[in-house]
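Heads up: the sequence shown begins at 0 in numbering that gives the first Met the number 0, then just goes up one per residue.
Glycine residues also receive a C-beta, built at the ideal position from the N, C-alpha and C atoms.
These notes concern the structure reproduced below.
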Amino acid sequence: MNRRTLTLVFFLTFLFVFFLLTPSLIAGEQPQCSCINESRFLYLAQPNITGSDVAELQQRLKVLGFYIGKVDGIYGPKTHEAVKNFQEKARLNPSGKVDAATWNALARGAEAPPVSGNPGDKPPGKVSILIDTNKKTLTVLSDGKTFKTFPCAVGKSSTPTPVGEWKIIHKGGNWGGGFGTRWMGLNVPWGIYGIHGTNKPYSIGTAASHGCIRMFNQHVETIYPWVSIGTPVKIVGEPIMPPDKGFRKVMERGAVGPDVVQVQLRLKEKGFLMGSADGRFGALTELAVNFFQAKNGLECTGIVDEKIYKALGIDVK
Numbered sequence: 000m001n002r003r004t005l006t007l008v009f010f011l012t013f014l015f016v017f018f019l020l021t022p023s024l025i026a027g028e029q030p031q032c033s034c035i036n037e038s039r040f041l042y043l044a045q046p047n048i049t050g051s052d053v054a055e056l057q058q059r060l061k062v063l064g065f066y067i068g069k070v071d072g073i074y075g076p077k078t079h080e081a082v083k084n085f086q087e088k089a090r091l092n093p094s095g096k097v098d099a100a101t102w103n104a105l106a107r108g109a110e111a112p113p114v115s116g117n118p119g120d121k122p123p124g125k126v127s128i129l130i131d132t133n134k135k136t137l138t139v140l141s142d143g144k145t146f147k148t149f150p151c152a153v154g155k156s157s158t159p160t161p162v163g164e165w166k167i168i169h170k171g172g173n174w175g176g177g178f179g180t181r182w183m184g185l186n187v188p189w190g191i192y193g194i195h196g197t198n199k200p201y202s203i204g205t206a207a208s209h210g211c212i213r214m215f216n217q218h219v220e221t222i223y224p225w226v227s228i229g230t231p232v233k234i235v236g237e238p239i240m241p242p243d244k245g246f247r248k249v250m251e252r253g254a255v256g257p258d259v260v261q262v263q264l265r266l267k268e269k270g271f272l273m274g275s276a277d278g279r280f281g282a283l284t285e286l287a288v289n290f291f292q293a294k295n296g297l298e299c300t301g302i303v304d305e306k307i308y309k310a311l312g313i314d315v316k
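What follows is the structure in structure tokens.
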């Protein structure tokens with residue numbers, strides 16, 4: 000089979016599979032993501048409460064001049080005393096317990112800055128979203144062109160924001176706490192991730208979340224009416240593998256995960272994948288792998304193994 004015929008067969012097969020398998024998006028009830036634990040109440044206990052939320056608290060108290068200890072994520076006596084001193088200064092009950100009122104007081108002074116982009120009220124064209132985890136920005140595109148760019152917070156290296164090509168599958172408001180005032184869920188297949196507000200506006204511009212994209216409440220309320228179920232969301236940046244996940248030795252149809260995204264991204268870069276890099280090894284990805292194998296003189300199995308990883312330039316170690 001010559002190259003021209005192979006390309007034609009690939010394209011026609013892609014069209015058939017695309018229309019056959021493209022799923023509809025349903026705005027169902029969205030399960031709560033791990034961000035729900037980012038605004039739990041904190042207090043002195045035995046054993047000490049630990050976590051990234053404690054570290055964020057310590058960092059904020061340090062910036063405000065109330066904490067001089069190590070940012071270690073441990074709610075010990077020094078953190079307890081710093082909280083009491085802050086509460087007294089903020090005219091709150093100096094209990095040392097970080098409750099909703101204390102979280103809100105800690106957020107004072109972290110105001111949403113003006114945003115760059117078109118001064119219009121709403122995007123005139125088709126809306127899509129581009130999130131850059133390196134720059135920590137969220138850009139609203141109108142017909143593929145920049146409309147407005149907002150600062151955001153992204154996931155820590157231990158809980159990275161999922162790079163890939165997603166869609167909005169759920170919208171909700173007024174969940175409160177760490178979700179802020181708005182929530183827009185993404186169709187990431189290995190976890191619950193979304194774009195939402197925050198009660199920790201001082202974290203915007205940093206890598207601080209459990210993988211979700213945090214925005215100032217004012218900003219997320221601005222974009223919320225522009226976004227619909229099915230709105231494309233592309234997340235770019237270094238595709239970090241979560242510590243609890245790795246590259247499987249053999250990847251085939253039915254596989255789901257961030258390692259699948261990395262394979263899909265390489266196949267797209269090389270012009271073989273015409274579908275989305277959505278972490279789902281489906282018919283289109285299998286077809287792209289077969290085409291890649293054929294073009295590189297390899298056996299057409301549709302399966303990714305060590306040879307394919309190497310040929311794609313992916314270091315699985």
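Could you check whether the region 214 to 221 touches the region 229 to 249, counting it as contact only if at least three pairs of C-beta atoms, one from each stretch, sit closer than 8 Å?
no
Does the region 135 to 145 come close enough to the region 178 to 187 to have 3 or more Cβ pairs within less than 8 Å?
-> no
For F215, which option in Y308, T136, D243 has the closest C-alpha, if you only look at C-alpha atoms? By 1-based counting over the sequence shown, the position of residue 215 is 216. It is T136 whose Cα lies nearest to the Cα of F215.
- Task: Please state if the CB of P241 and the CB of P257 are separated by a distance shorter than 8 Å.
- Result: Walking along the sequence shown from the start, residue 257 turns up at place 258. Walking along the sequence shown from the start, residue 241 turns up at place 242. Taking 8 Å as the Cβ cut-off, P257 and P241 qualify as a contacting pair.
- request: Find the nearest neighbour of S115 within the set F149, R90, K69, judged by alpha-carbon distance.
  value: Within the sequence shown, numbered from 1, the residue matching residue 115 stands at position 116. Checking every option, the nearest Cα to that of S115 belongs to F149.
- request: Examine the Cβ distances between the region 120 to 135 and the region 97 to 110 and report whether three or more of them are shorter than 8 Å.
  value: no
Let me confirm a value: G253 is counted as buried when at least 16 other C-beta atoms fall within 10 Å, else exposed. Which label applies? The residue labelled residue 253 in the question sits at position 254 within the sequence shown. Its Cβ having fewer than 16 others within 10 Å, G253 is exposed.
- Task: Measure the CB-CB distance between D277 and G163 and report whether it falls below 8 Å.
- Result: Position 278 of the sequence shown, counted from the start, is the residue given in the question as residue 277. Position 164 of the sequence shown, counted from the start, is the residue given in the question as residue 163. Yes; because the gap between Cβ atoms is below 8 Å, this pair is in contact.
Please name the residue, chosen from G190, S208, G301, N92, that lies closest to S51 on a Cα-to-Cα basis. Locating residue 51 in the sequence shown gives position 52, where the first residue counts as 1. When only C-alpha atoms are compared, the closest one is S208.
Task: beta strand (DSSP E) runs wholly inside the region 221 to 291, at least 3 long, in chain order - done: Counting only runs of 3 or more residues that sit fully inside the region 221 to 291, the beta strand (DSSP E) segments are 231 to 235, in chain order.
For a test of your reading of the model: does the CB of R90 fall under 7 Å from any non-hydrogen atom of the ligand NAD? Yes or no.
This structure does not include the ligand NAD; it has no bound ligands of any sort.
**8 Å contact criterion, which G64 and V82 should meet: CB distance rounded** = Residue 64 sits at position 65 when you count from the first residue of the sequence shown. Residue 82 sits at position 83 when you count from the first residue of the sequence shown. Between V82 and G64 the Cβ distance is about 13 Å, and since that is not below 8 Å, they are no contact.
Length-filtered (3 minimum) beta strand (DSSP E) runs lying within the region 114 to 138 = 126 to 131
- Message: So, with DSSP's three-state summary, where would you put S156?
- Response: Locating residue 156 in the sequence shown gives position 157, where the first residue counts as 1. If DSSP states are grouped into helix, strand and coil, S156 belongs with coil.
8 Å Cβ cutoff met for E305 and S202: Here residue 305 corresponds to residue number 306 of the sequence shown, with the count starting at 1. Here residue 202 corresponds to residue number 203 of the sequence shown, with the count starting at 1. It is not a contact, given that the beta carbons lie outside the stated cut-off.
**Report entry** Rounded C-alpha distance that separates R265 from L286
**Finding:** Here residue 265 corresponds to residue number 266 of the sequence shown, with the count starting at 1. Here residue 286 corresponds to residue number 287 of the sequence shown, with the count starting at 1. CA-to-CA, the gap between R265 and L286 works out to about 14 Å.
Assuming R213 and A152 are in contact, meaning their beta carbons sit under 8 Å apart, how far apart are those beta carbons, in whole angstroms?
The residue you call residue 213 lines up with position 214 of the sequence shown. The residue you call residue 152 lines up with position 153 of the sequence shown. Contact holds; Cβ gap of about 4 Å.
Just to confirm the assignment: which complete beta strand (DSSP E) runs, minimum length 3, are found wholly within the region 144 to 206? 144 to 150, 163 to 172, 181 to 185, 193 to 195
Review point. K77 lies in the alpha helix (DSSP H); which residues open and close that run?
Key: Numbered from its first residue, the sequence shown carries residue 77 at position 78. It spans 76 to 88 - the alpha helix (DSSP H) in which K77 sits, taken as one unbroken run.
Notebook entry, point to check: Cα separation between K244 and V226?
Noted result: Taking the first residue of the sequence shown as position 1, residue 244 is located at position 245. Taking the first residue of the sequence shown as position 1, residue 226 is located at position 227. Their backbone Cα atoms lie some 31 Å apart in a straight line.
* To do: State the DSSP-derived secondary structure class of T49, mapped to helix, strand or coil.
  => Residue 49 sits at position 50 when you count from the first residue of the sequence shown. Looking at T49 - three-state DSSP - the assignment turns out to be strand.
Q. Are the beta-carbon atoms belonging to L41 and Y74 less than 8 Å from one another?
A. The residue you call residue 41 lines up with position 42 of the sequence shown. The residue you call residue 74 lines up with position 75 of the sequence shown. It is a contact, given that the beta carbons lie within the stated cut-off.
Proximity below 8 Å, CB of G196 to CB of T132
Numbered from 1 along the sequence shown, position 197 holds the residue referred to as residue 196. Numbered from 1 along the sequence shown, position 133 holds the residue referred to as residue 132. Against a cut-off of 8 Å, the Cβ pair of T132 and G196 comes out as no contact.
Backbone secondary structure at Q57 - three-state DSSP = As a first step, residue 57 is located in the sequence shown; it is residue number 58 there, counting from the start. If DSSP states are grouped into helix, strand and coil, Q57 belongs with the helices.
- Message: Quick check on C299: does DSSP put it in helix, strand or coil?
- Response: Position 300 of the sequence shown holds residue 299. C299: coil per DSSP, three-state reduction.
**Request:** Take the Cβ of K69 as the centre, count every other Cβ of all protein chains shown within 10 Å, and call the residue buried at 16 or more, exposed below.
**Result:** Your numbering for residue 69 matches position 70 in the sequence shown. When all chains shown are included, K69 counts as exposed.
### Boundaries of the alpha helix (DSSP H) in which N103 is found, first to last residue
For the purposes of this step, residue 103 is taken as the residue at position 104 of the sequence shown. From DSSP, the alpha helix (DSSP H) with N103 extends over 99 to 105.
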